[in-house]
Amino acid sequence: DGYRNTNIYQGGRAANQVSDDFRYQDGNYEGYAPNDGYYRGGDEPAHEEDAQSDVTEGHDEDDEVYEGEYQGIPHPDDIKEKQKKRAPAVDDEYRDRADLMAERMEDEEQLAHQYENIIEECGHGRFQWTLFFVLGLALMADGVEVFVVGFVLPSAEKDMCLSSSNKGMLGLIVYLGMMVGAVMLGGLADKLGRKQCLIISLTINAAFSFLSSFVQGYGFFLFCRLICGLGIGGSLPIVFAYFSEFLSREKRGEHLSWLCMFWMIGGIFASAMAWSIIPHYGWGFSMGTKYHFHSWRVFVLVCSLPCIASLVALKFMPESPRFLLEIGKHDEAWMILKQVHDTNMRAKGEPERVFTVSYIKTPKQVDEFIEIQSSTGTWYQRWLVRITTTFKQVWDNVLYCLTAQYRMNTLMLAVVWFTMALSYYGLIVWFPDMIRYFQEEAYESRVKIFDEEEVSHFTFNFTLENQIHKNGEYRKDKFIGMKFKEVRFEDSLFEECYFEDVTSSETFFENCTIISTVFYNTDLYEHKFINCRLINTTFLEEKEGCHMDFEEDNDFLIYLVSFLGSLSVLPGNIISALLMDKIGRIRMIGGSMLISAVCCFFLFFGNSESAMIGWQCLFCGASIAAWNALDVITVELYPTDKRATAFGILNGLCKFGAILGNSIFSSFVGITKVVPILLASSALVGGGLLALRLPETRDQVLM
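Numbering (our numbering), first residue to last: 975 to 1677.
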């Protein structure tokens, strides 16, 4: 009997222990009081009291969590382990990948609806507005980058002696970098994280933008602007994916549209800085005769400030919890969501509000991660394997956007993005070129023509501008300390003349005869003498580099046009933000593109500078709503683990359209207006009608 009683006692204790553990895990532990008569321990109540105290730590009598206290969230793997005890499952390594993907898709659907409820519980307040301004600075840097090269070209072309082909390449190289950066860094953001990749892209842009303001050679400057474009191009898809994952369904369309306003602010900032800095030639310094830091370089330096400010502020912001849940980091995501909740509740004056979420669904992880031990191979072999694996995963994401589930949406969006970019960026370049063309026509109409003039023993020490001298004779004349601007000598004779310290712009000698003449310290180079006879003529100490008069050569009207064009999108931004969730994304895109196409036809009546400025403002204001709706619908159509990749692909295609638009439209300046206007309006009509076939996303949760 004693032996049996001992076994019974041990069994009873074991059963009690299981019961205690079960009650402990449920979080409602109750002291166990044996009623079998086998054991009464005097110290049992003390143990029960200690256990109860430990279990209920962080709770009050109503079982409520004390605010701000982490309660040890049960990991999803622990929950699944309990289920496996009841029904043994087959190990993942023996399961078909299709089954694993089906299970993951089911998990993602459950997570999407749960995450929407969590974001609604967290509310919309101080945290989202803080992130709004931090990401807005990054988007502002993108807007600045688009305008920088256009503003510095008039100055840089003379500072670096740029030819027409060099200027064209400098204008397009930024878009080429943006195209590559959007695809590459957008894809990496779905694997490495939103915050980390955004920091990388902004760092690249800030570093090379700063460096480009100091380099002197054209080749190095071109390379720096290419890398700047790569960095800032990668930030655009990340910004929208990042911010959308902190917004609820009711707030998403409106606040993503408000975020787009920072692109407009970037254009205004660039125009204002160019207007206030570049014309001031004295805002710079020189080191000898080789190194010159002119005011346009100061402008490039100032334009990197929004990027640097966003980079610093981003250090204090958390990673996207939606991304963390996708890669299985449950506890980190929970802590960030609790931070969002507590920040908003404190700002609303309700710090006692408790974050009630204790468990968030985590999708099944099916990716193959390679972890290399430090003792395996050399350091570069380990990094090579990591990089290769990461880019393979990015490429798989790119291909996933073309699978049957997303193929049609991706192709339609690609056409809409491309047609919008082709017409918008093409016309944005065409407007200033047309205004400049009208100015040149007006300038040429005021040209003064001098025929068969004879001048001898005269000293020219003043500026000659916009003149044509034909069949003239100049004997023993001196041209000292003077400037030629838009001056042409045709079939003229220069005999025993002396040119010293002469600066010229668009000045040429055609079919002239130059005898016994000395050119000392001038920039009248060989290419400026066209079909001329040079007899006993000497060139001494020619000027090096290019020289310019900032007050005359810089066109203030171009700054004003860009400023007004950026400011004109303000009404469109406000209207699109207020109506985005009311009329839907599809109607917004289609309506905006069709109205923009109508605006294009009125360009046939733009025969003056003021008319072109007015139609540009109208076109920009009408088209901005389509851009905002495109950003929103692109974010909402793709799942979290493909969102930045898809946005990057489409934005890269957009930049390719911008390159084509710039090249095509600028080639027709001064030739005809019909081709650019018809091309832009046709593209807008086609893209707008196709956009109406896209699915509406305003009522769906983020997958």
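Just so it is clear, CB atoms sit at the ideal spot from N, CA and C, and this is done for glycine as well. These figures come from a predicted structure and were not determined experimentally.
In terms of residues, what are the limits of the beta strand (DSSP E) holding residue i?
i, result
"PHE1473", "1472-1474"
"SER1138", "From DSSP, SER1138 is part of no beta strand (DSSP E) but of the alpha helix (DSSP H) over 1138-1166."
"VAL1492", "1492-1494"
"ILE1454", "1452-1454"
Check the DSSP bridge columns for residue i and list the partner residues they point to.
i, result
"GLN1441", "LYS1422 and VAL1461"
"LEU1467", "GLU1447 and THR1487"
"PHE1482", "ARG1462"
"ILE1504", "GLU1484"
"PHE1434", "PHE1453"
"GLU1428", "GLU1447"
"ILE1509", "ILE1489"
"THR1477", "LYS1457"
Would you mind sorting residue i into buried or exposed? The rule is 16 or more other CB atoms within 10 Å of its CB.
i, result
"ILE1301", "buried"
"HIS1087", "exposed"
"ALA1416", "exposed"
"PHE1537", "buried"
"ALA1378", "exposed"
"ARG1462", "buried"
"LEU1696", "Nothing can be reported for residue 1696, as the shown portion of the chain is limited to 975 through 1677."
"GLN1590", "buried"
"HIS1501", "exposed"
"TYR1399", "buried"
"PRO1062", "Here PRO1062 scores only 44 on pLDDT, less than 50, and its place in the model should not be relied on; the value that follows carries that caveat. It counts as exposed."
"LEU1153", "The sequence as given places Met at residue 1153; Leu does not occur at that position. Burial call: buried."
"ARG1381", "exposed"
"GLY1635", "buried"
"LEU1404", "It should be pointed out that residue 1404 corresponds to Trp in this sequence rather than to Leu. Classification for TRP1404: buried."
"THR1393", "buried"
"PRO1295", "buried"
"ALA1665", "buried"
"TRP1270", "buried"
"LEU1514", "exposed"
"CYS1619", "First, the residue type needs correcting, since residue 1619 is Thr and not Cys in the sequence shown. So THR1619 ends up on the buried side."
"THR1330", "exposed"
"VAL1148", "buried"
"ASP1116", "buried"
"LEU1085", "buried"
"ILE1239", "buried"
"ARG1667", "exposed"
Starting from residue i and walking both ways along the alpha helix (DSSP H), at which residues does that stretch end?
i, result
"SER1550", "1543-1557"
"LEU1514", "Counting along the chain, LEU1514 falls outside any alpha helix (DSSP H), though it belongs to the beta strand (DSSP E) covering 1512-1514."
"SER1129", "1100-1133"
"HIS1304", "1304-1321"
"TYR1192", "1192-1218"
"PHE1593", "1583-1611"
"LEU1666", "First-last for LEU1666: undefined, no H or E at that position."
"GLU1300", "1295-1300"
"LEU1233", "1223-1251"
"ARG1617", "1614-1640"
"LEU1275", "1269-1276"
"PRO1280", "1279-1288"
Going by the beta-carbon positions, is the gap between residue i and residue j smaller than 9 Å?
i, j, result
"ALA1215", "VAL1609", "yes"
"GLY1208", "CYS1171", "yes"
"GLY1151", "VAL1123", "no"
"PHE1482", "ILE1454", "no"
"GLY1401", "TRP1237", "In the sequence on display, residue 1401 carries Leu and not Gly. Against a cut-off of 9 Å, the Cβ pair of TRP1237 and LEU1401 comes out as no contact."
"VAL1118", "GLY1241", "yes"
"PRO1406", "ILE1532", "yes"
"ASP1673", "ARG1223", "yes"
"ASN1440", "GLU1464", "no"
"ALA1585", "LEU1396", "no"
"LEU1376", "TYR1089", "no"
Should residue i be flagged as near chain C, meaning a C-beta pair shorter than 9 Å?
i, result
"ILE1093", "This model lacks chain C altogether, as it is built from one protein chain only."
Any contact of the stretch 1581-1596 with the stretch 1561-1570, i.e. 3+ C-beta pairs under 8 Å?
Touching, yes.
Between the stretch 1504-1518 and the stretch 1480-1491, do three or more beta carbon pairs fall short of 8 Å?
A contact between stretches requires three or more CB pairs, one per stretch, nearer than 8 Å, and the stretch 1504-1518 meets this requirement with the stretch 1480-1491.
Do the stretch 1204-1216 and the stretch 1148-1167 meet, that is, are 3 or more Cβ pairs less than 8 Å apart?
Touching, yes.
Three Cβ pairs or more, each shorter than 8 Å: is that satisfied between the stretch 1640-1657 and the stretch 1237-1257?
No: the two stretches stay apart, fewer than three of their Cβ pairs being nearer than 8 Å.
Do the stretch 1191-1199 and the stretch 1102-1118 make contact, defined as three or more Cβ pairs closer than 8 Å?
Result no; under three Cβ-Cβ pairs closer than 8 Å.
Using 8 Å as the Cβ pair cut-off and three pairs as the minimum, do the stretch 1281-1290 and the stretch 1546-1566 touch?
Taking a cut-off of 8 Å for Cβ pairs, the stretch 1281-1290 and the stretch 1546-1566 do not touch, as fewer than three such pairs fall below it.
Given 8 Å, three or more beta-carbon pairs between the stretch 1448-1457 and the stretch 1426-1437:
Contact check between the stretch 1448-1457 and the stretch 1426-1437: three or more CB pairs, one atom from each, fall below 8 Å, which counts as touching.
If contact is defined by three or more beta carbon pairs under 8 Å, each pair taking one atom from either stretch, is the stretch 1130-1140 in contact with the stretch 1305-1312?
The answer is no - the stretch 1130-1140 does not touch the stretch 1305-1312, with fewer than three Cβ pairs under 8 Å.
Stretch pair the stretch 1602-1617 + the stretch 1217-1228: three plus CB contacts closer than 8 Å
The answer is yes - the stretch 1217-1228 touches the stretch 1602-1617, with three or more Cβ pairs under 8 Å.
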